[in-house]
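The structure under discussion appears below in the form of structure tokens.
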Amino acid sequence: MNKTMSVIKVGIADLNIVQAPNTIRTSGLGSCVGIVLFDSTTKLAGMAHIMLPTSTMAKETKTNTAKYADTAIPALIQKLLDKGVKKYAMKAKIAGGAQMFQFSSSSDMMRIGPRNVEAVKEQLEHVRVPLVSEDCGGNSGRTIEFDPETGYLEIRTVNKGVSQI
Amino acid sequence: MTFIDRFSTYHLDILREIGNIGAGHAATSLSKLLNQKIDMTVPAVRLVSFDEMMDIAGGPDRVIVSVFLRIEGDAPGSMFFIVPPEQADRLVRQLTGDTSFTFEYSSENDMAFSAILELGNILSGSYLSSLSDFTQLSILPSVPSVSVDMVGAVLSYGLLELSQQSDHAIVVDTSLNEGEASGQEVNGHFFLLPDPDSFETIFNALGVTEHE
Numbered sequence: 001m002n003k004t005m006s007v008i009k010v011g012i013a014d015l016n017i018v019q020a021p022n023t024i025r026t027s028g029l030g031s032c033v034g035i036v037l038f039d040s041t042t043k044l045a046g047m048a049h050i051m052l053p054t055s056t057m058a059k060e061t062k063t064n065t066a067k068y069a070d071t072a073i074p075a076l077i078q079k080l081l082d083k084g085v086k087k088y089a090m091k092a093k094i095a096g097g098a099q100m101f102q103f104s105s106s107s108d109m110m111r112i113g114p115r116n117v118e119a120v121k122e123q124l125e126h127v128r129v130p131l132v133s134e135d136c137g138g139n140s141g142r143t144i145e146f147d148p149e150t151g152y153l154e155i156r157t158v159n160k161g162v163s164q165i
Numbered sequence: 001m002t003f004i005d006r007f008s009t010y011h012l013d014i015l016r017e018i019g020n021i022g023a024g025h026a027a028t029s030l031s032k033l034l035n036q037k038i039d040m041t042v043p044a045v046r047l048v049s050f051d052e053m054m055d056i057a058g059g060p061d062r063v064i065v066s067v068f069l070r071i072e073g074d075a076p077g078s079m080f081f082i083v084p085p086e087q088a089d090r091l092v093r094q095l096t097g098d099t100s101f102t103f104e105y106s107s108e109n110d111m112a113f114s115a116i117l118e119l120g121n122i123l124s125g126s127y128l129s130s131l132s133d134f135t136q137l138s139i140l141p142s143v144p145s146v147s148v149d150m151v152g153a154v155l156s157y158g159l160l161e162l163s164q165q166s167d168h169a170i171v172v173d174t175s176l177n178e179g180e181a182s183g184q185e186v187n188g189h190f191f192l193l194p195d196p197d198s199f200e201t202i203f204n205a206l207g208v209t210e211h212e
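Protein sequences, first through last, are from chains A and B.
Quick note: the first sequence uses UniProt numbering, first residue 1, plus one each step.
Quick note: the second sequence uses UniProt numbering, first residue 1, plus one each step.
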């Protein structure tokens, strides 16, 4: 008998969690970074689509925690802790942070991809969650889908096809 | 007051008029370039969430050919000219005379990239220079950059400045259509995304206060 599976979608500057056999996906990562935190024993995982490196850049009154690396990761950890996942069991995988356009302009904003990746790694170190694999940088967009059952993160790109990390 | 509450329908109408004038000039340029009749639709000004914006362009996964440029000067912002790959193919074929070209199989074709870049440059240039004439503001387009990739990956670049203030974007969306007579349709979109602080500059230049 087939189990009904569904794909949880994570939008831009959004986060969510998933329990096997469902999978979780976010589409069209460019300079944004997609992060997955998962626990292979309870088969629970969380994903965030991070746009900007730090919430100190925020000029808004009400911050969307899922938008910034330094707020999204703690928020994601909290969501998983609420579901009973132990912090020591959590592992991370990340993808994204590409440089989509080549500009001569020295604007820091255009280097946002690498900055996002740095910020995410820094934050992971800070909260002591091990980063087990990554697929970052380059100049193509990615759509990623995580299956908490197997622990594989599937990465689709336009030019290079599908890979798994 | 949050970013989106600052705008009344009156303000959105002004932005629509800006889109109208800009796209009108761009359509004329395209028409001259291709020596064909080009139609344009009445522009839409949409107040959308980031996810909705990706949906306007066909969904975050969809592959598009996009020309992106930053607007510098008095009213900074971002501008995109996007076309679906198969239509970009036809534009390139018409411009270069290379009838077998496709973006799908020849991502290394410099000539084609250069052609579509120049096309984007001319169209955005005429859009922005009319906007500059209309508002008397100094609006300087950067050197454009072209990318063939997923909608989400590409458009999120235009949202970076905005995303520091809001989870919504104001998109001035205008589309150009090649005359139906040819039986083949080109459906290109211009997305104008002023940076948050630029709205006030634009409104002031037109003699409208922001809180009206």
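Every residue, glycine too, gets a C-beta built ideally from N, C-alpha and C.
Nothing here was measured: the structure is a model prediction, and the numbers come from that model.
No residue range can be given for D61 of chain B, since it is assigned to no alpha helix (DSSP H) and is classified by DSSP as neither H nor E.
Note: T65 of chain A is not bridge-paired with any residue in the DSSP secondary-structure output.
Nearest C-alpha to G97 of chain A among A:G46, A:A119, A:S163 and A:S55: A:A119. Between the region 143 to 161 of chain B and the region 10 to 26 of chain B, the count of Cβ pairs shorter than 8 Å is below three; the stretches do not touch.
For V208 of chain B, no beta strand (DSSP E) run applies, since DSSP gives it neither H nor E. Distance between L153 of chain A and F146 of chain A, taken at the CA atoms: about 4 Å. The beta carbon of G30 of chain A falls within 8 Å of a beta carbon belonging to chain B, placing the residue at that interface. Contact between G34 of chain A and L15 of chain A fails: their C-beta atoms lie close to 10 Å from each other, not under 8 Å. Taking 3 residues as the minimum length, the beta strand (DSSP E) runs contained wholly in the region 130 to 185 of chain B are 139 to 141, 145 to 150 and 168 to 178, in order along the chain. Leaving aside the five residues that flank G137 of chain A on each side, the residues in its chain whose CB is nearer than 8 Å to its CB run, in chain order, G97, A98, Q99, G113, P114 and V117.
Judged by their CB atoms, T23 of chain A and M5 of chain A are nearer to each other than the 8 Å cut-off.
In this structure the region 114 to 134 of chain B does not touch the region 44 to 57 of chain B; the number of beta carbon pairs closer than 8 Å is below three. Around the beta-carbon of P53 of chain A, 16 or more other beta-carbon atoms lie within 10 Å, marking it buried. By the CB criterion at 8 Å, A69 of chain A and I94 of chain A fall outside the cutoff. For the region 5 to 57 of chain A, the full-length beta strand (DSSP E) segments reaching 3 residues or more read 7 to 10, 15 to 19, 23 to 29, 33 to 39 and 44 to 50 along the chain.
According to the DSSP secondary-structure assignment, Q164 of chain A is paired through a beta bridge with A:E154. Inclusion of D167 of chain B and N64 of chain A in the CB contact set at 8 Å is warranted, their separation being smaller than that value. Contact between the region 202 to 209 of chain B and the region 79 to 90 of chain B is absent: fewer than 3 CB-CB pairs across the two stretches fall below 8 Å. Within 8 Å of the CB of P141 of chain B, no CB atom of chain A is found; the nearest one sits about 12 Å away. Under a criterion of Cβ atoms nearer than 8 Å, the residues of chain B adjacent to V158 of chain A are, in order, V63, V148, D149 and M150. Shown here, R128 of chain A sits in coil according to DSSP, grouped into three states, outside any helix or strand. Per the DSSP secondary-structure output, G77 of chain B pairs in a beta bridge with B:I71 and B:P194.
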